[in-house]
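Residue numbering for the sequence shown is 2 to 116, as defined by our numbering.
Using N, Cα and C, we set each Cβ at its ideal position, and we do this for glycine too.
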Amino acid sequence: MLLLITMNFIYKVAREGSIKTASIVLNIPTRLLSSSPENQSNKRLKYDGTYLTLTLCRVAFGAGGCADERYKTLDFVNWEEYIGITWLKSEKYEAWRKLGSTSSKADSITKVVIN
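Set out below in structure tokens:
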């Protein structure tokens, strides 16, 4: 299996014998009045043994800097977007919500471990 990142999509490319098939696993959300630089160094995939995480750079119209957005998945079907930091019993966690959700609440949290 191979993952291919384009400007708006992540494709999963699989080979079965001599037949290759490609399917979209993530339609990267667009943001009003922002852009994502086209070079691939601004889109990074990382697998930590549990989650596949996409980090990409967004530049707001009129802004000079880049803000990172992150999306993660366990199964290439259910994606979550990073929404910030939360604290639970004096411990730091990353808050994530289901991609496409309009809720302000986190659907899951991941403990921040500092090495």
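{"Check": "C58 - containing beta strand (DSSP E), residue span", "Outcome": "53 to 61"}
{"Check": "Bounding residues of the beta strand (DSSP E) (the contiguous stretch that carries V14)", "Outcome": "10 to 17"}
{"Check": "Element boundaries [beta strand (DSSP E), containing D69]", "Outcome": "68 to 74"}
{"Check": "V26, enclosing beta strand (DSSP E) - first and last residue", "Outcome": "20 to 28"}
{"Check": "In DSSP terms, what R98 is bridged to", "Outcome": "E82"}
{"Check": "Rounded C-alpha distance that separates V114 from K13", "Outcome": "30 Å"}
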